[in-house]
Amino acid sequence: MIKEQLKAASYSILGDRPSQQDAAGMEWSDESLLVAVCDGMGGMQGGELASTTGITTIADAFRNQKPSEESKTPEWFQRQLEEADRVISSLQDLSGKPLGAGSTAVAAIFWDNRLYWGSVGDSVIYYIKKGQITTLNRMHNYNLKIDEMLKKGELSPENEAVERVKGEALISFLGIRGLPLIDTNQQPIQMEVGDVLLLASDGLYKSLDSQQIVAIVEESGGNMQIAARRLCENAQRLAGKKQDNTTVVAVMCRL
């Protein structure tokens with residue numbers, strides 16, 4: 107049973123925002139686990155509905171038609187993220203007008219200790235092994251496009267600072283109507299005892315740096331509920347009154 111091999115928990119805080127536009131999901135089966143975080147955009151009603159719709163779409167698909175075999179997990183992520191994009195882009199307000207909402211999404215599926223992930227937007231996937239932290243996914247924002255333009259010689263260093271002002275603007279997210287970017291890993295990550303995966307909305311990494319995150323996880327003594335809660339609470343403490351909604355899903359391998 108996979109519940110004997112993994113420990114998983116989630117935690118969210120409101121921050122100083124008037125509504126919670128983050129959403130998290132966790133679905134267990136006998137042989138696999140799905141976890142996901144979505145961070146909504148588009149005002150109170152729109153952001154909340156977009157993030158919960160993203161989680162529901164992905165979780166329902168896993169519950170009812172999860173990958174037929176492990177090797178098909180990357181293409182499953184591709185299909186379900188495209189479907190979530192379609193559903194969210196079709197949302198309407200009470201008057202029948204397009205809601206104009208969107209959401210980021212990060213998700214992971216574990217087959218025993220083998221990990222696959224999918225990502226759209228600028229929520230983050232961290233992998234912690236023996237005190238070292240790695241960011242697995244790219245941030246799908248304008249900074250990514252700026253970096254590509256610099257490599258190709260399409261943007262001069264003199265103009266880079268001007269473009270960086272809008273660097274955090276998303277260029278791929280659920281609800282955009284046709285995802286230009288979806289990232290997945292084609293080969294599984296083999297988790298070992300003590301390895302930790304974190305899925306988080308941007309409220310986490312905008313308040314805590316990598317070493318602070320590692321220290322909090324290690325101080326939690328292998329308790330993922332404590333780790334997720336302390337990460338959110340420390341993000342709130344350090345950011346003060348400017349803290350965004352923050353959600354963390356933490357998973358540890360205990361084979």
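For the numbering used here, count along the sequence shown from 1 and bump the result up by 106.
Glycine included, each C-beta is placed from N, C-alpha and C at the ideal position.
Since the model is a prediction, treat every value here as computed from it, not as a measurement.
*Which first and last residues belong to the beta strand (DSSP E) in which L139 is found?*
Here the beta strand (DSSP E) through L139 covers S138 to M147.
* Leaving out five residues on either side along the sequence, give the residues of the same chain with a beta carbon under 8 Å from the beta carbon of R270. => Close CB contacts of R270 within its chain, under the 8 Å cut and outside five residues either way in sequence, are with N249 and I252 (chain order).
- Just checking my contact of M330 with K113 at CB under 8 Å: how many whole Å lie between their CB atoms? Sure, about 5 Å apart at Cβ, within 8 Å.
### Message
So for R220, helix, strand or coil by DSSP?
### Response
The three-state secondary structure of R220, taken from DSSP, is strand.
Specify, as a first and last residue, the run of the beta strand (DSSP E) that E133 falls within. D128 to W134 is the span of the beta strand (DSSP E), which, as asked, contains E133.
Inset, instruction - Give, in chain order, every unbroken run of the alpha helix (DSSP H) that is at least 4 residues long and sits entirely within the stretch 257-319. - result: List check, alpha helix (DSSP H) in window: 263-270 and 308-311.
>> Taking a contact to mean a Cβ-Cβ separation below 8 Å, would you say S307 touches D122 in this structure?
In response: Result no, Cβ atoms of S307 and D122 do not sit closer than 8 Å.
In this structure, does DSSP put T352 in helix, strand or coil?
Strand.
Of the residues K257, A142 and Q127, the one placed nearest W134, counting alpha carbons only: For the options K257, A142 and Q127, the alpha carbon positioned closest to that of W134 is the one of A142.
Pair every Cβ in the stretch 153-164 with every Cβ in the stretch 186-194, then say whether three or more of these pairs are closer than 8 Å.
-> Short answer: they touch.
Practice prompt. Could you name the residues of the same chain whose beta carbon sits closer than 6 Å to that of I332, not counting the 5 residues immediately before and after it, in chain order?
Written response: Setting aside the 5 residues that flank it on each side, I332 is surrounded in the same chain by S326, each with a C-beta closer than 6 Å to its C-beta; the list follows chain order.
The stretch 164-181 in contact with the stretch 198-207 per 3-pair CB rule at 8 Å:
At 8 Å Cβ cutoff, the stretches do not touch.
With respect to the beta strand (DSSP E) encompassing L344, which residues constitute its N-terminal and C-terminal limits?
Premise fails: L344 lies in the alpha helix (DSSP H), M330 to A345, not in any beta strand (DSSP E).
Bridge partner(s) assigned by DSSP for L200 = Beta-bridge annotation (DSSP): L200 is not paired with any residue.
Residue of V302, K347, L285 and A214 minimising C-alpha distance to A334:
Ranking the options by Cα distance to A334, first place goes to V302.
If we call anything under 8 Å between Cβ atoms a contact, is E137 one with W223? Inclusion of E137 and W223 in the CB contact set at 8 Å is not warranted, their separation being larger than that value.
Next on the checklist: Less than 8 Å between C-beta atoms, sequence neighbours within five positions excluded: which residues of the same chain meet that for G237?
Outcome noted: So the qualifying residues of the chain are V320 and E324.
Quiz item: Just reading off the alpha helix (DSSP H) that L187 is part of, what are its end residues?
Solution: L187 -> alpha helix (DSSP H) spans T179 to S195.
Checklist entry - From this set, S229, I288, S196 and G202, which residue's C-alpha is nearest Q127's C-alpha? => result Residue S229 is the option with its Cα nearest to Q127.
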